[in-house]
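Everything on this sheet refers to the single structure shown next.
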Amino acid sequence: MCQYAYEVWREIKRSFGFRCKIRYPVSMKQWLFDFLSTATEDEATIFTITVWHVWEARNSVRNGEKQVHPKIIAEKAKAYWTPPPDGWLMINVDAAIFKSPPRMGVGFVARNHKGDFIAAGCQLVKRFDDPELAEAIAIRRAVSFSLENNFQKVVVASDCQNVIKKINSKVYDRSHVGIIIQDTTHVLAKVTDKFDDFVWFNEPSEMIQIILCNE
1 MCQYAYEVWR
11 EIKRSFGFRC
21 KIRYPVSMKQ
31 WLFDFLSTAT
41 EDEATIFTIT
51 VWHVWEARNS
61 VRNGEKQVHP
71 KIIAEKAKAY
81 WTPPPDGWLM
91 INVDAAIFKS
101 PPRMGVGFVA
111 RNHKGDFIAA
121 GCQLVKRFDD
131 PELAEAIAIR
141 RAVSFSLENN
151 FQKVVVASDC
161 QNVIKKINSK
171 VYDRSHVGII
181 IQDTTHVLAK
191 VTDKFDDFVW
201 FNEPSEMIQI
211 ILCNE
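Numbered according to the UniProt record's numbering, the sequence shown spans residues 1 to 215.
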């Protein structure tokens, strides 16, 4: 195991108190099966999410992005979904950017206050690769989907703080995402009783990331 991944796993094991030691000689495949066969549901979930984030961090560096500290990766893995109030739906949105060829994937997952899955969707947008634009389109897609399906009492959550601030702002946005923001707020103005304030989550939904990956 490389030192970077080792530091991530050390922080995870310190936080959750479970062991995932490798006994040599053993193949990674055999170790994985052995671990999952005895792990609890929570341990298997934590393990899977951590592997995802280590893999994501590795790909980011390979694609030219700056390497982040292992503790930041561990904190991402430890983040968890917070339910909406009773009787409400929460729609988490996220987006992925692909450079060659330029394109964006946007997705959303809707769950009720019990965490039950309600709906999900994704969309591919070609010829653009702007992160903020992708997040704005993802939010607009979630709002439109909610109205089409007559969802009542909805909270929309995103990990893009800038877009959330722009949607919640009363000031007209003149940036490159302004037309998407304006379109979203115009739709919301017609159904203000159905939507709570848009909220910023500092971590995206793992389920959305999986949807975008599969797309």
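A virtual CB, placed ideally from N, CA and C, is assigned to each residue, including glycine.
DSSP beta-bridge partners of alanine 96: Stepping through the sequence shown from its first residue, residue 96 is reached at position 96. BP columns for alanine 96 point to Gly105.
Could you please give the first and the last residue of the uninterrupted alpha helix (DSSP H) stretch that includes phenylalanine 47? The residue given as residue 47 occupies position 47 in the sequence shown. It spans 41-62 - the alpha helix (DSSP H) in which phenylalanine 47 sits, taken as one unbroken run.
Sort Glu132, Val125, Glu56 by Cα distance to glutamine 67 and report the nearest one. By one-based count along the sequence shown, residue 67 stands at place 67. Of the listed residues, the one whose Cα sits closest to glutamine 67 is Glu56.
If you measure between the beta carbons of alanine 142 and valine 156, is that distance less than 9 Å? Position 142 of the sequence shown holds residue 142. Position 156 of the sequence shown holds residue 156. Contact: yes.
Distance, Cα to Cα, isoleucine 139 vs isoleucine 49? The count along the sequence shown starts at 1 and reaches residue 139 at position 139. The count along the sequence shown starts at 1 and reaches residue 49 at position 49. Those two C-alpha atoms are separated by around 24 Å.
Hey, could you find the ends of the beta strand (DSSP E) valine 155 is sitting in? Stepping through the sequence shown from its first residue, residue 155 is reached at position 155. Run containing valine 155: 154-158, per the beta strand (DSSP E) assignment.
Strand pairing of arginine 111, partner residues [DSSP]: Position 111 of the sequence shown, counted from the first residue, corresponds to residue 111. According to DSSP, which records beta bridges pairwise, arginine 111 is partnered with Met90, Phe117.
Considering only the beta carbon of each residue, do isoleucine 167 and threonine 184 sit closer than 9 Å? Taking the first residue of the sequence shown as position 1, residue 167 is located at position 167. Taking the first residue of the sequence shown as position 1, residue 184 is located at position 184. Cβ distance < 9 Å, so isoleucine 167 and threonine 184 count as in contact.
Find out if the Cβ-Cβ distance for the pair aspartate 129, arginine 111 is shorter than 9 Å. The sequence position of residue 129 within the sequence shown is 129, counting from 1. The sequence position of residue 111 within the sequence shown is 111, counting from 1. No, Cβ-Cβ distance for aspartate 129 and arginine 111 is not below 9 Å.
Glycine 121 and phenylalanine 145 look like a contact to me (Cβ under 8 Å); what is the Cβ gap, rounded to whole Å? Here the question's residue 121 lines up with position 121 in the sequence shown. Here the question's residue 145 lines up with position 145 in the sequence shown. Sure, about 6 Å apart at Cβ, within 8 Å.
For leucine 36, count the other beta carbons within 10 Å of its own beta carbon; 16 or more makes it buried, fewer makes it exposed. Which is it? Here residue 36 refers to the residue found at position 36 when the sequence shown is read from its first residue. Result: exposed.
Does DSSP put lysine 170 in a helix, a strand or coil? Along the sequence shown, read from residue 1 onward, the residue named residue 170 stands at position 170. DSSP places lysine 170 in coil when its eight states are reduced to three.
Does asparagine 92 pass the burial test, meaning 16 or more other C-beta atoms within 10 Å, or should it be called exposed? Residue numbering aside, residue 92 sits at position 92 when the sequence shown is read from its first letter. By the Cβ neighbour-count rule, asparagine 92 is buried, with 16 or more other Cβ atoms within 10 Å of its own.
C-alpha distance - isoleucine 208 paired with threonine 38, whole-angstrom precision: Taking the first residue of the sequence shown as 1, we reach residue 208 at position 208. Taking the first residue of the sequence shown as 1, we reach residue 38 at position 38. Residue confidence for isoleucine 208 is low, a pLDDT of 40 falling below 50, so the modelled location carries little weight; the figure read from the coordinates is stated next. Taking the straight line joining both Cα atoms gives about 27 Å.
Pop quiz: valine 154 and tryptophan 88 are said to be a contact at Cβ under 8 Å. What is the actual Cβ separation, rounded to whole angstroms? Here the question's residue 154 lines up with position 154 in the sequence shown. Here the question's residue 88 lines up with position 88 in the sequence shown. At roughly 7 Å, the Cβ-Cβ gap stays under 8 Å, so valine 154 and tryptophan 88 are in contact.
Distance between beta carbons of isoleucine 97 and proline 70, contact taken as under 8 Å: For this step, residue 70 is matched to residue 70 along the sequence shown. For this step, residue 97 is matched to residue 97 along the sequence shown. Contact flag wrong, Cβ pair sits at about 24 Å.
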